[in-house]
Structure formats: structure tokens, C-alpha cells
Amino acid sequence: MYQIIQPSIVLIQTEIAGTKGDDEKSLGTGVIIDDQGDIMTSLHVVDKATKITVTFADGSQSEAVVAIAQAENDIAVLQATVLPQLFVPATLGNPGAMQVGDEVYVVGNPYGLYSSMSAGVISGFNRSFHSPESDRVIEGMIQFDAAANPGNSGGPLLNRNGYVIGIVTGIVNPTDESFFVGIGFAVPIGTAAGGLGLPPY
498 MYQIIQPSIV LIQTEIAGTK GDDEKSLGTG VIIDDQGDIM TSLHVVDKAT
548 KITVTFADGS QSEAVVAIAQ AENDIAVLQA TVLPQLFVPA TLGNPGAMQV
598 GDEVYVVGNP YGLYSSMSAG VISGFNRSFH SPESDRVIEG MIQFDAAANP
648 GNSGGPLLNR NGYVIGIVTG IVNPTDESFF VGIGFAVPIG TAAGGLGLPP
698 Y
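Counting from 1, position 1 in the sequence shown corresponds to residue 498 in my numbering; the numbering is continuous, with no gaps.
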């Protein structure tokens, strides 16, 4: 299953103008979703970025721009300036076919550790999540307990077949720190893709 999704995973590095005139850097994850090489991620990963750099599975890099933004669901689609010669779009799955307790997997770049994988189960559906990056409350989320940490945002939530059923958006933590305590949230892929005019799966 990991071998299926790994060629579709993208490391996203951004630069944002800091308040003191210096650039702040951050990391995130994206997943290639179609034959045109479009990259889906979380909007908060790239929001207000002055520069976006994507690294593909073959190690090649390119600058990228936000082509589509869906603020209400914290979803963005990036387009790279230069695509690798070969890339593999992920297969989109059907989260509606999943049940609480079903196995799920997260693949992304936590703390810059490229293409890391964690496993867990679906903990609930139709959750509400208050994004700490904005005042927005996102409805209809998938709750899961596979480990997700800073750098996983924008990456895929997968079923056991390696199909993308959601886009990892955030975690809940009772402290002011950003580490995983067992509660993560993902936007269902049908919501993310449908709102962007893409076929859901």
C-alpha cells in the first residue's frame, strides 16, 4: 500500500514574509491527484506564501503556485512550474464506504521527515474542527488516530488499498504545543475534490 502512494507524495516548502522583515519557512505535504500533475494540499500550508517549492518523489524540485483555493474546507490545488518526466497520480477512494474502526494510514512529511507513514483507525465522522490558523470552523471532517504532526498537513489519509479518502488538515492538542495526542482530522476527498470541480473518485 505504501508503494502505491509514495510516488504521488510531494514535499511542500514555503516562505512567508515575517513581521520583522525576515522570511519564515514552513513544511507541508501534498498529493498528486490527476494526469496534469495537479497537487492537492491544505490551504493553510501555502496561504500567504511568497514562495512555494515542491519536491517530487524522484527528488526533482520546482516552484509552484496556488491554482485553486477552497477556503471553507482549507483545501488548495497547486500547479508546479516544471513537472518531473514521470509522475504517478494517486487513486481517489470513497470515504462513504468507510466505517468507524476501519484501518487508515497517513503518509506525509512530519517535521520534514520525507514520506513517513503511520497507521490507525477512523475514530468518527462528521466532526467539526476549528482551525488554529483562522477563525474558520470546518464541518464534516473525518476523525482518525493515525499519528499526524506538523508537516503532515495537506497529505493524504488512505484506506487499506492505498486510495486517498481524505486530506489531513489538523490535530487537536490540549496544550499550546504542536504534537499529536491521538486526534487528527481530514477533509473527505469527496468534499475536497467536488468543491474544486474535480471528480470525487
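Note that CB positions come from ideal geometry on N, CA and C, so glycine has one too. No experiment lies behind these values; they were computed from the predicted model shown.
Subject >> Contacts around residue 573, its chain only, beta-carbon distance under 6 Å, and the 5 residues preceding and following it disregarded >> reply: Translated into the one-based positions of the sequence shown, residue 573 becomes position 76. Here the set comprises 538, 540, 543, 563 and 566.
Original post:
Between the C-alpha atoms of residue 685 and residue 548, what's the straight-line distance to the nearest angstrom?
Top reply: On the sequence shown, residue 685 is found 188 positions in, with the first residue counted as 1. On the sequence shown, residue 548 is found 51 positions in, with the first residue counted as 1. As the crow flies, the alpha-carbon of residue 685 is around 28 Å from that of residue 548.
Original post:
What do you get for residue 528, buried or exposed, if any count of 16 or more other CB atoms within 10 angstroms of its CB means buried?
Top reply: Within the sequence shown, residue 528 is the residue found at index 31, counting from 1. Residue 528 comes out buried.
Original post:
Which of helix, strand or coil does DSSP assign to residue 670?
Top reply: For the purposes of this step, residue 670 is taken as residue 173 along the sequence shown, with counting starting at 1. Residue 670: coil per DSSP, three-state reduction.
Original post:
Is the stretch 652 to 665 touching the stretch 587 to 605 in the sense that three or more CB pairs, one from each, lie closer than 8 Å?
Top reply: yes
**OP:** Out of 501, 500, 502 and 508, point me to the one whose CA is closest to residue 610's CA.
**Re:** For the purposes of this step, residue 610 is identified with residue 113 of the sequence shown, where counting begins at 1. Per the Cα distances, 508.
Subject >> Short Cβ contact (8 Å threshold) for residue 589 with residue 660 >> reply: Taking the first residue of the sequence shown as position 1, residue 589 is located at position 92. Taking the first residue of the sequence shown as position 1, residue 660 is located at position 163. Their beta carbons are under 8 Å apart, which means residue 589 touches residue 660 by this criterion.
Original post:
For the stretch 569 to 610, which segments carrying the beta strand (DSSP E) assignment without a break, of at least 3 residues, lie completely within its bounds, in sequence order?
Top reply: 572 to 577 and 600 to 605
**OP:** Check whether the Cβ atoms of residue 635 and residue 571 sit closer than 8 Å, and answer yes or no.
**Re:** Counting from 1 along the sequence shown, the entry for residue 635 is found at position 138. Counting from 1 along the sequence shown, the entry for residue 571 is found at position 74. In this structure, residue 571 lies closer than 8 Å to residue 635 by Cβ.
Original post:
How big is the Cα-Cα spacing for residue 650 and residue 517?
Top reply: Here residue 650 refers to the residue found at position 153 of the sequence shown. Here residue 517 refers to the residue found at position 20 of the sequence shown. One C-alpha to the other measures close to 26 Å.
Original post:
With C-beta atoms as the reference, is residue 702 less than 8 Å away from residue 680?
Top reply: Nothing can be reported for residue 702, as the shown portion of the chain is limited to 498 through 698.
Subject >> residue 501: first and last residue of the uninterrupted alpha helix (DSSP H) it sits in >> reply: Position 4 of the sequence shown, counting from 1, holds the residue named residue 501. Counting along the chain, the alpha helix (DSSP H) containing residue 501 begins and ends at 499 to 502.
Original post:
Under 8 Å, do residue 683 and residue 638 count as touching if we go by C-beta distance?
Top reply: In the sequence shown, the residue the question calls residue 683 occupies position 186. In the sequence shown, the residue the question calls residue 638 occupies position 141. Cβ distance < 8 Å, so residue 683 and residue 638 count as in contact.
Original post:
With C-beta atoms as the reference, is residue 663 less than 8 Å away from residue 606?
Top reply: In the sequence shown, the residue the question calls residue 663 occupies position 166. In the sequence shown, the residue the question calls residue 606 occupies position 109. No, they are not a contact pair.
Original post:
From residue 677 to residue 524, what distance separates their C-alpha atoms?
Top reply: By one-based count along the sequence shown, residue 677 stands at place 180. By one-based count along the sequence shown, residue 524 stands at place 27. For residue 677 and residue 524, the distance between alpha carbons rounds to 16 Å.
Original post:
Going by alpha carbons, who is nearest to residue 624 out of 667, 500, 502 and 501?
Top reply: Start at 1 with the first residue of the sequence shown, and residue 624 comes out as number 127. Comparing Cα-Cα distances from residue 624 to each of 667, 500, 502 and 501, the minimum goes to 667.
Original post:
What is the DSSP secondary structure of residue 683, reduced to helix, strand or coil?
Top reply: The residue labelled residue 683 in the question sits at position 186 within the sequence shown. Residue 683: strand per DSSP, three-state reduction.
Subject >> residue 507 - DSSP class collapsed to helix/strand/coil >> reply: Stepping through the sequence shown from its first residue, residue 507 is reached at position 10. Reduced to three states, the DSSP call for residue 507 is strand.
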